[in-house]
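Here our numbering is used: the first residue of the sequence shown is 626, the next is one more, and so on. Notes to accompany the following structure.
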Amino acid sequence: MSRIKDLAKKNALRIKRKKRVRSNIFGTAEKPRVSIFKSNKYVSAQAINDVEGVTLAAVSSQAMGLNINKENAVKVAAQLAENLKAAGIETVVYDRNGYLYHGVVAAFADALRDNGIKL
626 MSRIKDLAKK NALRIKRKKR VRSNIFGTAE KPRVSIFKSN KYVSAQAIND
676 VEGVTLAAVS SQAMGLNINK ENAVKVAAQL AENLKAAGIE TVVYDRNGYL
726 YHGVVAAFAD ALRDNGIKL
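Okay, structure coming up:
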């Protein structure tokens with residue numbers, strides 16, 4: 626029973642951080658918001674234009690046949706950077722989606738920078 630309460634508290638704290646972060650960032654067509662989502666098995670990200678409410682580019686490690694770790698997060702970020710460049714986007718706003726900035730989330734952001742996307 627205690628484990629369920631711990632998981633619920635952990636998720637509630639992530640949602641609280643997510644709301645706090647999202648109140649300050651906003652994506653446009655020229656500078657979309659890149660939102661990352663990670664589960665226990667996969668990581669996915671999408672570039673979102675919040676003005677029109679549309680997704681400009683998306684990528685998932687599940688579609689690429691990869692599980693979640695730092696090395697695979699780098700591969701997913703490289704694919705997203707390629708998709709963004711094909712759409713003519715060079716600068717984005719990074720939305721960590723309430724996750725703490727370390728591990729997979731930090732590796733993903735660093736890989737985007739390494740592939741020529743300005744955060």
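The beta-carbon is built from N, C-alpha and C at its ideal position, and this holds for glycine as well.
Hey, could you find the ends of the beta strand (DSSP E) residue i is sitting in?
i: residue 663; result: 658–663
i: residue 682; result: 679–685
Residue i: buried (16+ other C-beta within 10 angstroms of its C-beta) or exposed?
i: residue 623; result: Outside the displayed span of the chain (626 to 744) sits residue 623, for which this structure offers no information.
i: residue 686; result: buried
i: residue 692; result: exposed
i: residue 705; result: buried
i: residue 636; result: exposed
i: residue 742; result: buried
i: residue 628; result: exposed
i: residue 676; result: exposed
i: residue 633; result: exposed
i: residue 688; result: exposed
Since residue i is in the alpha helix (DSSP H), which residue starts that stretch and which ends it?
i: residue 739; result: 729–739
i: residue 697; result: 695–711
i: residue 629; result: 627–647
Name the residue from the options whose alpha carbon lies nearest to the alpha carbon of residue i.
i: residue 744; options: 701, 642, 723 and 650; result: 650
i: residue 683; options: 675, 671, 732 and 689; result: 671
i: residue 668; options: 697, 648 and 738; result: 697
i: residue 644; options: 662, 723 and 707; result: 723
i: residue 662; options: 738, 740, 739 and 733; result: 733
i: residue 694; options: 666, 655, 735 and 740; result: 666
What's the gap between the Cα of residue i and the Cα of residue j?
i: residue 664; j: residue 699; result: 16 angstroms
i: residue 653; j: residue 730; result: 22 angstroms
i: residue 726; j: residue 720; result: 10 angstroms
i: residue 680; j: residue 713; result: 14 angstroms
i: residue 639; j: residue 648; result: 14 angstroms
i: residue 728; j: residue 690; result: 20 angstroms
Tell me, to the nearest whole angstrom, how far the beta carbon of residue i is from that of residue j; I am working on the premise that it is less than 8 angstroms.
i: residue 657; j: residue 717; result: 6 angstroms
Any heavy atom of the ligand ADP closer than 6 angstroms to the CB of residue i?
i: residue 723; result: The ligand ADP is absent from the structure shown, which contains no ligands of any kind.
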